[in-house]
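Q:
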Amino acid sequence: IGNPLEVSYAGITNPSEGSNAVTFQLRLANYMQSVVFSVVSHLAERRNRNWYKEVYGNDPNMPEYSEMIKNTSLVFFISHAASEGPIRPNVPSAIEIGGIQIKDKPDPLPQNISKFLGNATNGAILLSLGSNVQGKLGSRKQLSRCSTSFQN
1 IGNPLEVSYA GITNPSEGSN AVTFQLRLAN YMQSVVFSVV SHLAERRNRN WYKEVYGNDP
61 NMPEYSEMIK NTSLVFFISH AASEGPIRPN VPSAIEIGGI QIKDKPDPLP QNISKFLGNA
121 TNGAILLSLG SNVQGKLGSR KQLSRCSTSF QN
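Letter by letter, the sequence shown follows residues 1 to 152 in UniProt numbering.
(1) Would V133 be called buried (16 or more neighbouring beta carbons within 10 Å of its own) or exposed?
(2) For a minimum of 3 consecutive residues, which ranges assigned as the beta strand (DSSP E) are wholly contained in the region 49-116?
(3) Is the Cβ-Cβ distance between S34 and V75 less than 7 Å?
(4) Are N90 and N3 touching if we call contact CB-CB under 7 Å?
(5) May I have the straight-line CA-CA distance separating I125 from N119, to the nearest angstrom?
(6) Figure out for me which residue from Y65, K115, I78 and E54 has the closest Cα to the Cα of I102.
(7) In terms of residue numbering, what span does the alpha helix (DSSP H) encompassing T148 cover?
(8) Quick one: what does DSSP say G135 is sitting in, helix, strand or coil?
(9) Check A29 in the structure and name its three-state DSSP category.
(10) Mind checking whether the beta-carbon of D59 lies closer than 6 Å to any heavy atom of the ligand NAD?
(11) At the level of alpha carbons, what is the spacing between Y65 and W51?
(12) Starting from the C-beta of T148, find all residues in its chain whose C-beta is less than 6 Å away, skip the five residues before and the five after it, and write them out in chain order.
(13) Compute the Euclidean distance between the alpha carbons of I1 and L137, then round it to the nearest angstrom.
Below, the structure is given as structure tokens:
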């Protein structure tokens, strides 16, 4: 879609690394990340092209993969400049929608959790990792680290 890649002041893997004073080392690291990103993007593009061909084959109702890519007119990014900093230029067809899943008014806590937090005499911390993180996937060591960090 022609969105510019600004590696001179904003990192690719961690955009918030950018600041008002970007050192030579940071610019060099950003450049190296952009080279790696280009290689990975090329490999992913090749895999996607092969997958597209495997799924649609020679279906006359489907456009060629290259034609489909060329006709892409809108791309949503799951990022937002306000939280990922620094602000970078985007073409009008590149829309950042990071945080769109956040509700204006959160659902109320279940009554038992609300009561537990309300009765805490020394305060409490409620850590919610959302519905995508399953507790059974974490190790006891990770749970212990979280618990220890909250005790301090």
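Just so it is clear, CB atoms sit at the ideal spot from N, CA and C, and this is done for glycine as well.
A: Working from what's here:
(1) Its Cβ having fewer than 16 others within 10 Å, V133 is exposed.
(2) Listed in chain order, the complete beta strand (DSSP E) runs (minimum 3 residues) inside the region 49-116 are 75-77 and 94-96.
(3) No, the Cβ-Cβ distance between S34 and V75 is not below 7 Å.
(4) Result yes, Cβ atoms of N90 and N3 sit closer than 7 Å.
(5) So the alpha carbons of these two residues sit roughly 13 Å apart.
(6) Measuring C-alpha to C-alpha distances from I102 to each of Y65, K115, I78 and E54 identifies I78 as the nearest.
(7) Judged by DSSP secondary structure, T148 falls within the alpha helix (DSSP H) whose first and last residues are R140 to Q151.
(8) In the structure shown, G135 sits in a helix (DSSP, three-state: H, G or I).
(9) A29 sits in a helix when the DSSP states are folded into three classes.
(10) Among the ligands in the structure shown, none appear at all, so the ligand NAD cannot be discussed.
(11) Separation of Y65 and W51 (C-alpha to C-alpha, rounded to the nearest whole angstrom) is 10 Å.
(12) Excluding sequence neighbours, T148 sits near nothing in its chain.
(13) Roughly 38 Å separates the two Cα atoms.
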